[in-house]
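**Q** Below is the structure I would like to discuss, written out as structure tokens.
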Amino acid sequence: MAKVNTRDLVVEILLLVTRDGQYSHIALNQVLEKYQYLDKSDRAFITRVTEGTLERMIELDYITDQFSKVKVKKMKPVIRAIVRSAVYQLKYMDSVPDSAVCNEAVKLAVSRGFGGLRGFVNGVLRSIARNLDSVQYPPEGTKEYLSVRYSMPPWILEQWLAWYTPEQVEQMLRNFLEEKPTSIRCNLHQISREDLKRKLAGEGVKAEEVPELPCALLISGYDYLGALPSFQEGDFQVQDISSMLVAERANPREGDYIIDVCAAPGGKALHLADKLRGTGMVQARDISDYKVGLIWDNIRRAGMENIEAVRWDATVLDEESVEKADIVIADLPCSGLGVLGRKSDLKYRMTREGEKELAALQRQILSQVWRYVKPGGKLVYSTCTINREENEENAAWFQAEYPELRLVSEEQLLPGQQAGDGFYIAVFVRKD
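Each position in the sequence shown, counted from 1, maps to that position plus 128 in the working numbering.
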């Protein structure tokens, strides 16, 4: 089998994300699945350099622009990807010698058909390697400093600094860049948390309990998640801790009928079905056959029978479901700015206009799906963002627009203040 150049795979993933618009977690997972036979160390290198380069792209470009006559934005996409990933290795990976980083970057430029730029790539990277300690950053305490130091677009910082204290904002920014274990939810209908911990230990995986959530574990030390027998056998679902709180706040009773209106890939719906202990029914809906297929994949793996996946557009009223549900879960499309620790490319994709469109879409969906709630039943509105326009402001609008429902609790979870992602959860009860 021909030797695979791991740095070339990194460049390929970066191009898929920055040039072709693919989501980073999808592009990375596809490559790791395709090259499952690679050593654990090679796969870890690919993951680290890809994720690190994307997380810190604004800072990497800022550094490069101080040493390159051709600014990063003017570089050809392939050269830009090569330089970015090399600068990340120079600044953040002490285990890789600077000379090796520079030499491999030059080889990549040649192998990718840009031999004429080998001198440019070599010169820029060696200059950066020699002068990394003397890079001039913007003054500390300024928005510009936060933007460069934590690679966050300035317009996002402006919003956050208007809503949160500077200390809260910097705490979130730091948290997004920290390496974290993977959070999983134990399928308690199938296996106890203690038994799952033992099983994972036998598979060489370190598992740590989350005290406040009896279904949650934090795992690390594994290579390829899909290869674990415990995953294949449906013992757990990968799900963020904050996301697990949606089902906890919904607090279903055995026998409940629940509709999850935007459910893919199905984590919250499966959690609710698990809490029903084999009773009742969860109908997990989403807008496309592809998304419904993702939910069915997880249902089959979990081996659960009190849940089904159905294609339905949440913006369209389903007359047959009016006042049928004990609980409606409205975990709606959002800007995703609470999960930047796991999906860092979202910060480069999102715009102010995009946020406003999503907030309007959320209102459009809420104005339909509340009708499915029985008198006395609950609607749980949640997002994985920390944008008040999509969260508290929409909840206040919803309460005013539809007085049939009463807001009984709301919480904004901020990254770094608790173990999970940034998340918003509001619980409404329909009046009898």
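Even for Gly, the Cβ is constructed at its ideal location relative to N, Cα and C. Every value quoted in this text rests on a predicted model; they were computed, and no experiment measured them.
1) Do you know how far the Cα of LEU236 is from the Cα of LEU345?
2) I'd like to confirm the pairing. Which residues does DSSP put opposite VAL139 in its beta bridges?
3) Taking 7 angstroms as the limit between beta carbons, can you name the residues of its chain near ALA487, skipping five residues before and five after?
4) Can you list, in chain order, the residues of its chain with a C-beta nearer than 8 angstroms to that of TYR198? Leave out the 5 residues immediately preceding and following it.
5) Let's test the definition: count the other Cβ atoms within 10 Å of the Cβ of ILE154 and tell me whether it reaches 16, buried, or not, exposed.
6) Where does ASP425 sit, in a helix, a strand or coil, going by DSSP?
7) Taking 8 angstroms as the threshold (C-beta atoms), are ILE369 and VAL333 in contact?
8) Which same chain residues, not among the five before or five after GLN299, have their C-beta less than 8 angstroms away from its C-beta?
9) How about ILE186 and THR134: are their beta carbons less than 8 angstroms apart?
10) For a test of the three-state rule: what should DSSP assign to ALA430, helix, strand or coil?
11) With the cut-off set at 8 angstroms, would you say ALA401 and ASN426 are in Cβ contact?
12) Mark THR146 as exposed unless 16 or more other C-beta atoms lie within 10 angstroms of its C-beta, in which case mark it buried.
13) Under three-state DSSP, which class holds ALA547?
14) Taking buried to mean at least 16 other C-beta atoms within 10 Å of its own C-beta, is TYR509 buried or exposed?
15) Does the segment 349-369 come close enough to the segment 157-173 that 3 or more CB-CB pairs lie under 8 angstroms?
16) Are ALA437 and TYR500 close, meaning C-beta to C-beta below 8 angstroms?
17) Using three-state DSSP, classify LYS204 as helix, strand or coil.
18) Can you name the start and end residues of the beta strand (DSSP E) that LEU541 belongs to?
**A** According to the structure shown:
1) In the sequence shown, the residue the question calls residue 345 occupies position 217. In the sequence shown, the residue the question calls residue 236 occupies position 108. Taking the straight line joining both Cα atoms gives about 40 angstroms.
2) Against the sequence shown, residue 139 aligns to sequence position 11. According to DSSP, which records beta bridges pairwise, VAL139 is partnered with nothing at all.
3) Along the sequence shown, one-based indexing puts residue 487 at 359. The answer, listed in chain order, is GLU517, GLU518 and ASN522.
4) Counted from its first residue, the sequence shown places residue 198 at position 70. It should be noted that the sequence gives Val, not Tyr, for residue 198. Cβ within range, chain order: PHE248.
5) Sequence index remark: in the sequence shown, residue 154 carries index 26 (1-based). Exposed: under 16 other Cβ atoms inside 10 Å.
6) Residue numbering aside, residue 425 sits at position 297 when the sequence shown is read from its first letter. Residue state, collapsed to three classes: helix.
7) The residue labelled residue 333 in the question sits at position 205 within the sequence shown. The residue labelled residue 369 in the question sits at position 241 within the sequence shown. Not in contact: VAL333 and ILE369 (Cβ atoms no closer than 8 angstroms).
8) Taking the first residue of the sequence shown as position 1, residue 299 is located at position 171. Contacts found: LEU542, PRO543, GLY544 and GLN545.
9) Locating residue 186 in the sequence shown gives position 58, counting from the first residue. Locating residue 134 in the sequence shown gives position 6, counting from the first residue. The answer is no: Cβ separation not under 8 angstroms.
10) Locating residue 430 in the sequence shown gives position 302, counting from the first residue. Residue state, collapsed to three classes: helix.
11) As a first step, residue 401 must be located in the sequence shown, where it is residue number 273. As a first step, residue 426 must be located in the sequence shown, where it is residue number 298. For ALA401 and ASN426, no; Cβs fall outside 8 angstroms.
12) Here the question's residue 146 lines up with position 18 in the sequence shown. Answer is buried; the Cβ neighbour count reaches 16.
13) Counted from its first residue, the sequence shown places residue 547 at position 419. Reduced to three states, the DSSP call for ALA547 is coil.
14) In the sequence shown, residue 509 corresponds to position 381, counting from 1. Answer is buried; the Cβ neighbour count reaches 16.
15) yes
16) Your numbering for residue 437 matches position 309 in the sequence shown. Your numbering for residue 500 matches position 372 in the sequence shown. No, these two residues do not count as a Cβ contact at 8 angstroms.
17) Here residue 204 is taken as the residue at index 76 of the sequence shown, counted from 1. LYS204: coil per DSSP, three-state reduction.
18) Stepping through the sequence shown from its first residue, residue 541 is reached at position 413. First-last of the beta strand (DSSP E) with LEU541: 533-541.
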